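Counting from 53, one number per residue, gives the positions in the sequence shown under the numbering used here. We treat Cβ as the ideally placed atom computed from N, Cα and C, and that holds for glycine. In this text, all values refer to a predicted model and were calculated from it rather than measured experimentally.
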Amino acid sequence: MLQEHSGQHVVVLDFGAQYGQLIARRVRDLHVYSEIVPCDIEAKELGAMRPSAIILSGGPASVYAQDAPRVDPGVFELGVPVLGFCYGQQIMATTLGGEVGHVDKGEYGPATLVRDGASMLLADTPAEQTVWMSHRDAVVRVPEGFQVTAHTGTCPVAAMECPRLRLYATQFHPEVRHTAYGNKMLETFLFGICGLEPSWTMEGVVDSLVADIRARVGERRVILALSGGVDSSVVAALVHRAVDDQLTCVFVNHGMLRKGEPELVEEVFGRQFDVPLVHVRAEQRYAKLLAGVIDPEEKRRRIGSEFWKIFFEEAAKLDGVELLAQGTIYPDIIESGARKTGGKASTIKSHHNLIPFPEGVHFDLIEPLDHFFKDEVRELGVVLGLPEAMVYRQPFPGPGLAIRIIGEVTTHKLDVLRDADAIVREELDAYNLRLFEQTGDRNSEHACWQYFAALPDIRSVGVMGDERTYGRTVIVRAVESTDAMTADWAKLPYDVLGRISSRIVAEVAGVNRVVYDVTPKPPATIEWE
Ligand code: XMP
C-alpha cells in the first residue's frame, strides 16, 4: 500500500471522471497522497481504507435527476473531515437535510465571492476574491448545524461549513487555477483543519515503492519488456533498485525506433544501471514481416503480435522467472473502467487478457506505477537518476516509425526517415529551449508538444546543381497540445522552418522537398497513419 510510508491519504469520491483526477492532482501537488474511488463506494468500505480526509468532487449531473449519483450517508458519520466541491456541496446538503434548487440563472466562469462571517476553510483568504463557478443548481437551504460562509451575486450559498462535524463545502471549484485562492483553501483544509503533513515526496515514494517491490518479489526473478519509453524505463529503474539482478530486461529492437534510441537504452540500462539486459536485434525479422504491407492497421497488428512472440521466446530461455513487471499507470486504470467493475483486481485480469500469454505460460504481474499520473512517473524517473532524454521523451507510438512511413516499410525508407526526423527533433528541441529561456515557462503555450518527420509514398521533380532530380518528400509535423486528444499545428517562425528544410535536403540523400503539415486535430490526427 502506497500511502503507508506516512499513513496519510486523501480519498476523492468521484462524481464525474475529470473532476476527481484534477482534485487528486492538486492534493498530490501539496505532497499529500490522494487516490480516487467511485462516488457510490459504501461507507463501510471507505472507512476500511482509513482515509485522513475525504473530498467529494464536482460532477455534471443535477442532484434531482433520476439517475443522479448519490453518496452513502454513512460517509458523513465516519468522523473523517469531508470537503465537497460543486456537486459535492449539493449532495452533502441534500443528504444531510438541506435543499438544492435552481437559482435565477446559471453561473459559468469567474465570479466574485464575498465572505459571510467566520470560516475555517476560507480563513486565510480575502473578504472578496475571484472564484470559478460552473453550475445551474445551487444550495438554497443549508442542513441544520451548518453556516453559510460566502455568497456571490447569483449564488446565496457559495460556501458552507459545519466545523463541529468537520464538514466543509464550496459551490465553486477550488481545484481550478482560475479560483485565485483555491490552493490556499486546499492547504487550509489539509494542513490546518485535518492536521496532515506535506510528507509525500517523490524521494519518500521511491523508498516505499522499493520496499513494496522487495517484499512482493522476495527471492523470485522478474522479467520486463523495455521499450525505451518513459513508463517501462521507470519501472526498470525501480525494480532494479529493489531487487538488483533478479530483474532481467528484454529490449526488442524492431528497427523502427528513432535515431540514437537503441544506443540510449544500451547505455542507460546496460552500462549506467548495469541491469541484466537482453538486446534482441530483431530488425531483419521485422523487415521480412512488414514486406509488402501497406495497411496501417495491419502494420500495427503484425508489429504488436511479433513483439510478444519475441518477448516470450526470450522469457522461455530464462530459468525460474515468475513475475512480469509492467508500466501500467493510473490513467490506464481509471480509463479502463476498472473502478466501475470492482477495482484493481479486474484491471489486472484485463491486462492478462491483453498480453497474449502462450499456452501454459503464466507470470504474476507487478505494476508499481499503477497509482501515478504521467508527470509523477517522470518525476520518479528523475529521482531514480534516468537521463532527461528518456524521462521527458515525447509520446512515440509503439509501432514506431512504421506508421510514419506511408505505404510499404523498407530498410532504406527507415534510414531516410530516421535521419530527417533527427534534424526535425534537433531544431525543435533547440526552438523549445529558446522559448523556455525567454519565458521561463517549460509549458509555454507556443512550445511544440510533439514533433517529428513523416515519409509519404510520393516522389517529385526537383533540381540540385544542374541536375534534375526525382526525389522523396519529407513531411514535418509539429503540434501544440496538452493531451493528444486535440492538437493545433505549431505556428513556427519561418526561419525555423527554413532551417529544417534546408538541412534535410542538404543532409539526407534522396530528399528534394520538405512540406509542413498545417492541419489541426480534428479533422486530421497527429500521426499520418
Ligand atoms: P493520433 O494520431 O491519433 O495520435 O492523433 C494521438 C497520440 O497517440 C500516439 N499514437 C500512438 N501511440 N500506438 C501508440 O502507442 C499507436 O499505434 C499510436 N498511434 C498514435 C500519437 O503519437 C499521439 O501522441
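Expected contact under 8 Å - CB spacing of residue i and residue j to nearest Å
i	j	result
residue 237	residue 174	7 Å
residue 190	residue 136	Actually they are not in contact, since the Cβ atoms of residue 190 and residue 136 sit about 13 Å apart, beyond 8 Å.
residue 559	residue 348	Wrong, their Cβ atoms sit about 28 Å apart, outside the cutoff.
residue 110	residue 71	4 Å
residue 367	residue 327	16 Å between Cβ atoms; not a contact.
residue 410	residue 364	5 Å
residue 197	residue 214	5 Å
residue 223	residue 210	5 Å
Pairwise C-alpha distance: residue j and residue i
i	j	result
residue 162	residue 562	56 Å
residue 380	residue 439	21 Å
residue 398	residue 487	Low confidence applies to residue 398: its pLDDT is 41, below 50, so where it sits in the model is not reliable enough to give any reading.
residue 293	residue 437	11 Å
residue 232	residue 270	49 Å
residue 63	residue 134	10 Å
residue 441	residue 480	14 Å
residue 252	residue 84	5 Å
residue 65	residue 188	21 Å
residue 130	residue 87	18 Å
residue 61	residue 430	22 Å
residue 152	residue 140	12 Å
residue 194	residue 204	16 Å
residue 513	residue 545	27 Å
residue 169	residue 424	39 Å
residue 119	residue 108	18 Å
residue 475	residue 549	11 Å
residue 518	residue 564	14 Å
residue 435	residue 67	34 Å
residue 239	residue 219	16 Å
residue 281	residue 485	22 Å
residue 421	residue 73	16 Å
residue 338	residue 445	24 Å
residue 316	residue 155	59 Å
residue 80	residue 217	25 Å
residue 385	residue 345	33 Å
residue 228	residue 138	12 Å
residue 256	residue 250	11 Å
Residue i, buried or exposed, once every other Cβ within 10 Å from all chains shown has been counted against 16
i	result
residue 370	exposed
residue 461	buried
residue 583	Nothing about residue 583 can be reported from this structure: the residues present for the chain run from 53 to 581 only.
residue 127	buried
residue 522	exposed
residue 146	buried
residue 324	exposed
residue 225	buried
residue 482	exposed
residue 575	exposed
residue 428	buried
residue 298	buried
residue 592	Any question about residue 592 goes unanswered here, given that the chain covers just 53 to 581.
residue 547	exposed
residue 391	Any answer about residue 391 is weak, because its pLDDT of 46 lies below 50 and its placement is not dependable; what the coordinates show is given next. Residue 391 is buried by the Cβ-count criterion.
residue 433	buried
residue 566	buried
residue 473	buried
residue 357	exposed
residue 585	The question about residue 585 has no answer here: the residues shown for the chain are numbered 53 through 581.
residue 279	buried
residue 543	exposed
residue 538	exposed
residue 490	exposed
residue 144	buried
residue 343	exposed
Within-8 Å CB hit, residue i to chain D
i	result
residue 303	Of the protein chains in this structure there is only one, and it is not chain D.
Three CB pairs or more closer than 8 Å across the segment 273-286 and the segment 369-382
yes
3-residue-minimum beta strand (DSSP E) runs that sit fully inside the segment 249-308, ordered along the chain
273-278 and 299-305
Jot down the residue ranges of each uninterrupted beta strand (DSSP E) in the segment 71-121, minimum 3 residues, whole runs only, in chain order.
85-90 and 105-108
Would the segment 320-334 and the segment 480-500 be scored as touching if the rule is three or more Cβ pairs under 8 Å?
no
Count the C-beta pairs between the segment 245-263 and the segment 112-123 that are closer than 8 Å, then say yes if the count reaches three, no if not.
no
Where are the alpha helix (DSSP H) runs, 4 residues long or more, that stay fully inside the segment 170-197, in chain order?
none
Are there three or more Cβ pairs, one per stretch, closer than 8 Å when the segment 256-271 is compared with the segment 279-299?
yes
Are the segment 92-104 and the segment 123-134 touching by the rule of at least three beta carbon pairs closer than 8 Å?
yes
Tell me the start and end of each unbroken beta strand (DSSP E) in the segment 481-555 that is at least 3 residues and wholly inside, in chain order.
502-506, 511-516 and 519-532
Determine, using beta-carbon pairs with one atom in the segment 503-512 and one in the segment 533-540, whether at least three such pairs fall under 8 Å.
no
Please give the ranges of any alpha helix (DSSP H) in the segment 224-252, keeping only runs that are unbroken, at least 4 residues long and fully inside the region.
234-239
Please list the segments of the alpha helix (DSSP H) lying wholly inside the segment 329-353, counting only runs of 4 or more residues, in order along the chain.
335-342
At what residue ranges does the segment 397-453 contain a whole run of the beta strand (DSSP E), taking only runs of 3 or more?
416-418
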